[in-house]
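Q: Anchor point for the sequence shown: position 123 equals 1352 in the working numbering, and the numbering is continuous, going up by one each time.
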Amino acid sequence: MTQKTMIIEQLGEEELLRPSLVNTALAANDRIKYYFTLLQAARSHAENPTSEFSNLKTEREAAGEYNTLLDRVVEGSEKMGSGIFKIPHADEIMSSLRTCLEEMAEPILRDDHEPPGQLLQRLERLTADLPSGEYGTITLEAIQAITAGKRTEGDSIHILVMDMHRGLNAMQAKLSRETINGARTYLLTAEDREMVEAFMEGLNRTSPLKFDHPGLGTTATRSGKRLVIQNDIGMTDAHVLVVTIEGATVSIIYTDIHMQRLQFFQGMFEGWHVRWHDTISKNADARFEQEVYHLSVGTYQALDAGELKQFLDHLGSRIVFMIDWNRARKRLRNFVRNSDAIGILTWAAQTDIGHRAWLQLGGESLIYGALESVTGAAVRPGEPLHQIIGRENAVNYLKWVLDTTKNSLVANHSLLLVRDEIKAELQRYFRSVNEELLSLIEEHTYLAFDVATAVRDSLLSIQRSYDKACIERSARRAKQWETRADDIVNKVRSLSTRMEAPDIFSHLISVTDDVCDYLEEACFYITLIPNGWGPATPIHKNLTNLAEIALLGSQEFIKVIIAAQYIYRGGGRMEMKTFLESVDRVISLEQVADEELRECHKTILRESADHRDLWLYSEIARNIENSTNAQRKSSHLMRDIIMEKIIR
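1) Note down the Cα distance separating Tyr1295 from Lys1286, rounded to an integer number of angstroms.
2) Is Glu1335 helix, strand or coil when you go by DSSP?
3) How about Phe1786 and Ile1871: are their beta carbons less than 8 Å apart?
4) In terms of alpha-carbon separation, which member of Trp1501, Thr1368, Arg1354 and Phe1282 lies closest to Ala1319?
5) How big is the Cα-Cα spacing for Ala1698 and Val1624?
6) Please work out which residues of its chain come closer than 7 Å, Cβ to Cβ, to Met1551, disregarding the five sequence neighbours upstream and downstream, and give them in chain order.
7) What residue range is occupied by the uninterrupted beta strand (DSSP E) comprising Phe1314?
8) In terms of residues, what are the limits of the alpha helix (DSSP H) holding Asn1433?
9) I need the boundaries of the beta strand (DSSP E) containing Ser1280, first residue and last residue.
10) In three-state terms, what does DSSP make of Tyr1415?
11) Is Gln1459 helix, strand or coil when you go by DSSP?
12) With distances taken Cα to Cα, identify the nearest neighbour of Trp1554 among Gln1539, Gln1530 and Ala1586.
13) Rounded to whole angstroms, what is the Cα-Cα separation between Gln1860 and Ile1778?
14) Should Thr1435 and Ala1412 be called a contact, given that it needs their Cβ atoms to be closer than 8 Å?
15) Verify whether the separation of the beta carbon atoms of Ala1850 and Ile1833 is less than 8 Å.
16) Does DSSP put Leu1614 in a helix, in a strand, or in coil?
17) Express the C-alpha separation of Asp1392 and Leu1250 in angstroms, rounding to a whole number.
18) How about Ala1577 and Leu1631: do their beta carbons lie closer than 8 Å?
19) Under 8 Å Cβ to Cβ from Tyr1754, same chain only, skipping five residues before and after it: list those, please.
20) Per DSSP, what kind of secondary structure is Gly1572 in: helix, strand or coil?
21) Just the C-alpha distance for Asp1716 and Gly1801, rounded to the nearest angstrom, thanks.
22) What does a CB cutoff of less than 8 Å around Val1603 pick up in its chain, not counting 5 residues either side in sequence?
23) What residue range is occupied by the uninterrupted alpha helix (DSSP H) comprising Lys1559?
24) Looking at the structure shown, is Gly1310 part of a helix, part of a strand, or coil, going by DSSP?
25) Quick check on DSSP: helix, strand or coil for Glu1536?
26) What's the C-alpha gap between Trp1501 and Val1472?
27) Taking the straight line between their C-alpha atoms, what separation do you get for Lys1708 and Ala1292?
28) Give me, in chain order, the residues of the same chain whose beta-carbon lies closer than 6 Å to that of His1274; leave out the 5 immediate sequence neighbours on both sides.
29) Compute the beta-carbon to beta-carbon distance between Leu1843 and Thr1773, rounded to the nearest angstrom, for a pair I have assumed lies under 8 Å.
30) Indicate whether Ser1817 and Ala1792 have their beta-carbon atoms separated by less than 8 Å.
31) Return the residue from the list Met1400, Glu1353, Ser1643 and Ser1325 that minimises the CA-CA distance to Pro1248.
32) Going by beta-carbon coordinates alone, are Met1867 and Leu1666 separated by less than 8 Å?
33) Report the option in Glu1824, Ser1739 and Thr1766 whose CA atom is closest to the CA atom of Asn1719.
34) Inspect the beta-carbon positions of Glu1332 and Ala1257 and report whether they are closer than 8 Å.
35) Return helix, strand or coil for Gly1527, following the three-state DSSP convention.
36) Beta-carbon within less than 6 Å of Ile1482's beta-carbon, same chain only, minus the 5 sequence neighbours each way: which residues are those?
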């Protein structure tokens, strides 16, 4: 006890003394966990001297133990005989363990509000059985008795430490005198508060994604030179996050019973240059090899306070994605490979979507229900979805499900609506690849029609009133539609790679996209037409006629694509007749556009005031007519595709 706390005690200010005692006790708890790990690692190395080992230096420093001689303990441990180990500095370790146990117990024994009960008796009995470590020897039985964590097998130092830690956490909550964005804090400096605020800003930004799951309680305190932030994550006892900040250095101590989740946690800091040290796997009891938990320590060195706050913000925002992570992984694994399941969860964390909403609304049962509805038969649980609709489709569908369930919970949609949406989306994946491609191309043709309409309306606007704002607005919308059309082109090209002859639809969408490109360019050039071009201008009449032809061609090409989809779904003679007639009309309209373009060129040469008008009007006419050429080429390609299908 420091002189300052002794003075406070003499003055009778017990409430001021208690936070310092709890702070000291929690620091002692960290060192005790290090001693447990040290003893187990020493025993393991003594039994298997040829195996790789860690000197636990990082764990020692993170726990606040400054005795550097302990870094040699693991390497110097030997097995002396049956059940006896020689462990360097064993007496110091045992002495420090006793001291830390007393420091942990002190604030609990002083607590007037919570009777200590049998704590003192347990402490005296268990410490009396602690070996002295004299001559540097400790028995296997003693190590097991110290570190055993199974309550069914009797009391132990480890169980006592867990019970005292639980009591200290309760006391810490009561001692908190300040709340910073939801974090219970005490003994903080002004600089500490800024760091806690940064951490909590990130945590609170994503914490709603846990929905009704408990957890994410945060406490922060100052321990000597370090600011310590602890988050309880979820409800699992061994799932703990402790963050210490000293200067611009951040140490992350993370424990987990699932190694894959620990690795996932580490992966969320790519790009932040966090140095992760060797992960230590520890047995809760040496007699139960399968009951292990893993401890990982990461270190981040910030350049300045601003970068430190950014890192703490990011760290806080990632914690929610650890809740129920392994549960979500196992359920996703029913439908896709384990690596794809982890990839989906990684994407969900990177996009701040998460997986808790999907689990809360039913998890795998939502997808099994959709499969049963879409296929008309019960699907065997465990049947991989990627074997039914393909790996890429399965991954994309599951990502969509996670996103939809999250949005639905946020918007408080009914479970019935969510199930219907999931069924409807799955139905889309059961279409043939060709049908899906045609559906995308249909969407593209509607965008081309919208752009053609914008061209026609802009020319009409010039004729009627020259509404400059309207013309520029049409050009902006045309650009947006053209950009969306480009996105569809990329989707078609990606999807068509799964076909036996991928070039067919890739070529078709490239030619079809020329329609949008030419019309969007024409819409832009129309914005350059100067004011004063009246309705009686012959050039205007010819351009408007040409734009009307392009618009009619877009309408007919939509009919071509729609009729083609009916044919792919098994349509008969009437559908084929409609398809061929629409193709023929597109070709005829292109021929009409050729004639109109010639008339337009004559008028432009005759009516243009100067070379600028000549160039501008010629470019508008050329782009509109080129769009009809692309419509004709697209119709020819679509006819070839349908005819090839019929021949097959």
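Backbone N, C-alpha and C fix where the C-beta goes; we use that ideal spot for every residue, glycine too.
A: Considering the structure as presented:
1) Whole-angstrom Cα-Cα distance: 10 Å.
2) Of the three classes helix, strand and coil, the one that applies to Glu1335 here is helix, per DSSP.
3) No, these two residues do not count as a Cβ contact at 8 Å.
4) When the alpha-carbon of Ala1319 is set against those of Trp1501, Thr1368, Arg1354 and Phe1282, the nearest one is in Thr1368.
5) The alpha-carbon separation between Ala1698 and Val1624 amounts to approximately 45 Å.
6) Same-chain partners within the cutoff: Ile1462, Arg1490 and Phe1494.
7) Counting along the chain, the beta strand (DSSP E) containing Phe1314 begins and ends at Ile1313 to Lys1315.
8) Run containing Asn1433: Ala1419 to Thr1435, per the alpha helix (DSSP H) assignment.
9) Per DSSP, Ser1280 is not a residue of any beta strand (DSSP E), being assigned neither H nor E.
10) Three-state result, Tyr1415: strand.
11) Annotated three-state conformation of Gln1459 is strand, per DSSP.
12) The candidate whose alpha carbon is nearest that of Trp1554 is Ala1586.
13) Distance between the alpha carbons of Gln1860 and Ile1778 is about 11 Å.
14) No.
15) For Ala1850 and Ile1833, yes; Cβs fall inside 8 Å.
16) If DSSP states are grouped into helix, strand and coil, Leu1614 belongs with coil.
17) Annotation: Leu1250 to Asp1392 spans about 17 Å, alpha carbon to alpha carbon.
18) Their beta carbons are under 8 Å apart, which means Ala1577 touches Leu1631 by this criterion.
19) Residues of the same chain with a CB within less than 8 Å of the CB of Tyr1754, apart from the 5 flanking positions on each side, are Leu1845, Glu1848, Ile1849 and Asn1852 in chain order.
20) Gly1572 falls in the helix class under three-state DSSP.
21) Taking the straight line joining both Cα atoms gives about 33 Å.
22) If we look at Val1603 and ignore the five residues flanking it on each side, its Cβ neighbours are Lys1652, Leu1655, Gln1656 and Phe1659.
23) Per DSSP, Lys1559 is one residue of the alpha helix (DSSP H) stretching across Trp1554 to Leu1561.
24) It is a strand residue.
25) Glu1536 falls in the helix class under three-state DSSP.
26) Approximately 16 Å, taken between the alpha carbons.
27) Their backbone Cα atoms lie some 59 Å apart in a straight line.
28) The beta carbon of His1274 lies closer than 6 Å to those of Phe1282, Val1303 and Ser1306 in the same chain, with the five residues before and after it left out.
29) About 18 Å; that fails the 8 Å criterion.
30) Cβ distance not < 8 Å, so Ser1817 and Ala1792 don't count as in contact.
31) Just measuring C-alpha positions, the residue of Met1400, Glu1353, Ser1643 and Ser1325 sitting nearest Pro1248 is Met1400.
32) In terms of Cβ geometry, Met1867 and Leu1666 do not form a close pair [threshold 8 Å].
33) For Asn1719, the closest of Glu1824, Ser1739 and Thr1766 by C-alpha to C-alpha distance is Ser1739.
34) Judged by their CB atoms, Glu1332 and Ala1257 are nearer to each other than the 8 Å cut-off.
35) DSSP places Gly1527 in strand when its eight states are reduced to three.
36) Counting only Cβ-Cβ distances below 6 Å, and skipping sequence neighbours, we find Ala1291, Val1471 and Val1526.
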